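Written out below as structure tokens is the structure these notes cover.
In our numbering, the protein residues as written are 535 to 992.
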């Protein structure tokens, strides 16, 4: 797997993306040759045609990204993939036409762009078909042996078998699932049997208890045979984008390469959040009065909703949102989590939540330093102590400023229960461990996609 923006991507996904970029460039290059013939050299070199083709490739790839054509967690059938490709081509064509109408100097030419889209339709469908064929070829897969048994071994095997994009194939494992593990001699004998064989590329150590059972010498022999040895926690973290807290030991946090929260980095991050919030607030100024009037006339009560939340270092602050529920929402129940299709939400509130426009006032929280633009979502004080008692490492979320959006929000659905909160905490810990400006940028793009696709509104 390749690490980009502090997130791990399968090599196959990057090959897919690179192949589509090449397909776009070749399609529009062919279209240029068809329209301009011998003059194509002049168009490509003196009229910046090559740069225009590269810009078109970026546009098509962005559209593909927003239509989830590179999302491994959403396995698509051949028909659905073809349908989404047509949506990508339609959206790209519309955007190209709009750009050409307002900025004709950025176009290759009307006929060249039209020819390019027609050629690209066939090229992308052919490339996707070839890519699907490659995914099914076992000789191109990395062969994985799972050393261990029990739930963690089962989980990693299930992940590998489900995620064809990983390019991995399980060729065996030591012990039967659910037996609770094997003794050291059995494991050592199993590992010795792998030495010198060419049918294993990686060994994943998934032992429930390594004390006096880990065959260290035999694993070292494998490592010297150029076979990769990886801990199951490390592999699951790369695959899932979260840190599993049920098997997380304090020593793992202490010796981890992540969790680098230097004062210099935090200062730069704070400056970036301030600038983004200021610009976003200026851009939102035209719609703020419209939202305020809609909230005011939709139901009785104030326009803004104020609520205590827990922020950095466990300090409470007042969070601001546009009100989306009726005024007496918790009069009878007290503090409760908002649920999916919550009957307390007003008609206008449903739209504001789906588009996340209700969170615009939180930009003020960012400006005054109570929140960051990206970070774990702040929780209510009424729930924090209970969650900290029931979820290991929950309070680690409070070592950084909470955010308007976060890694858990773009990777997980809406959650309103203890188990769902536990799941989101695992994503929050991954974010804190790998926190960087590049990861913040990725989360920002994912948030825009989430809003456009109306997924996971909070």
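We put the beta carbon where it would ideally sit given N, CA and C, even for glycine. Quantities reported herein were computed from a predicted structural model and do not represent experimental measurements.
Considering only DSSP beta bridges, list what residue i is partnered with.
i, result
"residue 842", "852"
"residue 679", "706, 737"
"residue 594", "Paired residue(s): none; residue 594 is not in a bridge."
"residue 536", "543"
"residue 908", "939"
Quick one: what does DSSP say residue i is sitting in, helix, strand or coil?
i, result
"residue 782", "coil"
"residue 706", "strand"
"residue 723", "helix"
"residue 861", "coil"
"residue 541", "strand"
"residue 893", "helix"
"residue 553", "helix"
"residue 601", "coil"
"residue 903", "coil"
"residue 934", "coil"
"residue 946", "coil"
"residue 729", "coil"
"residue 870", "coil"
"residue 701", "coil"
"residue 825", "helix"
"residue 832", "helix"
"residue 568", "helix"
"residue 587", "helix"
Starting from residue i, follow the alpha helix (DSSP H) in both directions and report where the run begins and ends.
i, result
"residue 612", "612-636"
"residue 927", "No alpha helix (DSSP H) holds residue 927; DSSP gives it neither H nor E."
"residue 993", "Outside the modelled stretch of the chain, which goes from 535 to 992, sits residue 993, for which no answer is possible."
"residue 577", "574-580"
"residue 652", "644-669"
"residue 745", "Residue 745 -> no alpha helix (DSSP H), and no H or E assigned at all."
"residue 913", "It is not in any alpha helix (DSSP H) - residue 913 carries neither H nor E in the DSSP assignment."
"residue 639", "Taken as a continuous stretch (DSSP letters only), residue 639 belongs to no alpha helix (DSSP H), as it is neither H nor E."
"residue 963", "952-967"
"residue 686", "685-696"
Going by the CB atoms, is the gap between residue j and residue i shorter than 9 Å?
i, j, result
"residue 701", "residue 666", "no"
"residue 561", "residue 650", "yes"
"residue 931", "residue 908", "no"
"residue 895", "residue 855", "yes"
"residue 696", "residue 708", "no"
"residue 881", "residue 857", "no"
"residue 728", "residue 737", "yes"
"residue 838", "residue 904", "no"
"residue 587", "residue 563", "yes"
"residue 802", "residue 891", "no"
"residue 913", "residue 944", "no"
"residue 690", "residue 777", "no"
"residue 598", "residue 619", "yes"
"residue 927", "residue 770", "no"
"residue 796", "residue 968", "no"
"residue 940", "residue 962", "yes"
"residue 781", "residue 686", "yes"
"residue 646", "residue 591", "no"
"residue 658", "residue 589", "no"
Can you tell me where the beta strand (DSSP E) holding residue i begins and where it ends?
i, result
"residue 497", "With the chain running from 535 to 992 in the structure shown, residue 497 is simply not present."
* Asked: Taking the runs of the beta strand (DSSP E) that are 3 residues or longer, which of them lie wholly in the region 747-823?
  -> Those beta strand (DSSP E) runs which fall completely within the region 747-823 and span 3+ residues are 762-765.
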